[in-house]
Amino acid sequence: MKQLFDLINKLTSKYPKLTDIHITENENIIVRELGNLHKTTEKAIDISFINEVIDEKKKNIFKTKNSVDFSLSSNSVRLRLHVYKSSDKTCIAIRILPDLKNIEQNDDLSEEIAQIQSGLVIISGPAGSGKSTFLAQILNKINTKYTKHCITIEDPVEYKFTSEKSLIHQREIGSDVENFHQGVLDSLREDMNVLVIGEMRDENTMRAALLAAETGHLVLTTLHNKTADEAIGRIVHACRDEKEIRQILASQLRFVISQKLYFHNKKIFTLREILKCTKPVARLIRDGKDQQIKSYIELGNDKMITMKQSAMQIARKTKMNFRETEDLLKFVSL
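Under my numbering, the letters of the sequence shown match residues 2 to 335, in that order.
In structure tokens:
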């Protein structure tokens, strides 16, 4: 494992803003920095270290599925690793998780969410858009300011927390609990206040999460959708009995925050669409008028904002020229 962390230190010194590392047996290592891939002169390290750092359950998963997820950490960095097979070669995709201390905090938004007593908050966006990091920011805020019992269900555990004012238990799929659905059901018997679900992947998990919200708990989770109305539609269409699910969402949804990362002038910017489930929004959800949600967000009530409006704020703040702003807006529309 030392060889891996030595490699990380070497690569980060050359590519200080790298986010991902791709290792393939007998090939040069590829890194991603500021959204772009770069082929390095470094050769793949000996990947036998994998057998030293994962338990028997993870080894069995890799043998049967040819892929496995896990996390590693040293004193200076924490990594999320995905090991998989390609053309009979073993490959590793490594995500370097940002240190929460070094991330610019959106204090108003994370603080408002941290104060919520019960209900459902969804962070949505494509892979690599910072969803897990924003969830961790919110949980960190709760941990340092409020006395709550927080349970996370993750695959794998990404950010490691030490209980401060709150009591935090982190459960990993495969090692601590069989699946997300079972983890949510377990949490209802564990005297928890805040439940973090790494991802809602199926109807059973979605229904269990809604039950947790209905029974007086704050539920934080993620979905892979681009916009708030898409995230709502994803839940509705994944579950049977649309009318019932819409009624529950209308009463229990608190926020849907959709985000994307944009790279400009060697900096990373977070673009966000923020939907707050006010009474008018709840009515739209209950009545199945999801297509009207974006128009309501555009009004800007209750600090709501569309992705395009967020982009224009960044364009003005960074003094982008016409062409740069045009490129940014094209990115938003993708």
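By construction, the Cβ of each residue, glycine as well, lies at the ideal position given by its N, Cα and C atoms. What you are looking at is a predicted structure, and each value in this text was computed from that prediction instead of being measured.
Query	Result
Nearest-angstrom Cα separation, counted from ILE31 out to LEU329	26 Å
ARG190 versus SER167 - alpha carbon distance	18 Å
Secondary structure of LEU196, DSSP reduced to three states	strand
Outcome for LYS227 when other beta-carbon atoms lying within 10 angstroms are tallied against a minimum of 16	buried
With 16 other Cβ atoms within 10 Å as the buried cut-off, status of LYS261	buried
GLN253, buried or exposed, once every other Cβ within 10 Å from all chains shown has been counted against 16	buried
Cβ contact check for the region 85-94 and the region 173-193: 3 or more pairs under 8 Å	no
Local conformation of HIS265 per DSSP, three classes	strand
In chain order, each alpha helix (DSSP H) run of at least 4 residues that lies wholly inside the region 234-279	243-253
Cut-off 7 Å between Cβ atoms - residues of its own chain near GLY184, not counting five sequence neighbours on either side	ILE154, ARG172, VAL178
Selected residue, minimal CA-CA separation from ILE169, among PRO157, ASN141, THR65, LEU212	ASN141
Alpha-carbon to alpha-carbon, GLY129 and ARG81	12 Å
Inter-stretch contact (C-beta, 8 Å, three-pair minimum) for the region 88-96 and the region 18-30	yes
Cross-strand partners of HIS23 (DSSP beta bridge)	ILE31, ALA94
Segments assigned beta strand (DSSP E), at least 3 residues, entirely inside the region 205-235	219-224
Sub-8 Å separation of ILE286 and ILE233 beta-carbons	yes
Integer Cβ distance of ALA229 from ILE315, believed to fall under 8 Å	No, ALA229 and ILE315 are not in contact; Cβ-Cβ is about 19 Å, not under 8 Å.
Cβ-Cβ separation, ARG241 to ILE258 (assumed contact under 8 Å), whole Å	Not quite, the Cβ-Cβ distance comes to about 27 Å (not below 8 Å), so this is no contact.
Burial state of GLN138, where buried means 16 or more other Cβ atoms lie within 10 Å	buried
Spatial distance of GLU325 from LEU276 (CA atoms)	27 Å
Proximity of LEU224 and ALA213 at Cβ, strictly below 8 Å	no
Test item: CB-CB of ARG255 and GLY120 under 8 Å	yes
Residue(s) in a DSSP beta bridge with HIS150	LEU168
Beta-bridge partners of ILE71, as assigned by DSSP	Here residue 71 turns out to be Phe, not Ile, going by the sequence shown. BP columns for PHE71 point to LEU82.
Nearest candidate by alpha-carbon position, reference VAL333, set ILE236, THR271, SER14	THR271
LYS64 to GLY126 span [Cα, whole Å]	31 Å
Beta-carbon gap between MET201 and THR216 smaller than 8 Å	no
The alpha helix (DSSP H) enclosing GLU325, as first and last residue numbers	323-334
Residue from HIS39, LEU38, ILE117, ILE62 with nearest C-alpha to ILE51	ILE62
Nearest-angstrom Cα separation, counted from GLU245 out to MET2	50 Å
Collapsed DSSP secondary structure at LYS132 in the structure displayed	helix
Close Cβ partners of GLU165 (< 8 Å) along its chain, the five nearest in sequence each way excluded	ASN144, THR145
VAL185 - containing alpha helix (DSSP H), residue span	181-188
Integer Cβ distance of ASN29 from LYS11, believed to fall under 8 Å	With a Cβ gap of about 14 Å, ASN29 and LYS11 do not count as contacting.
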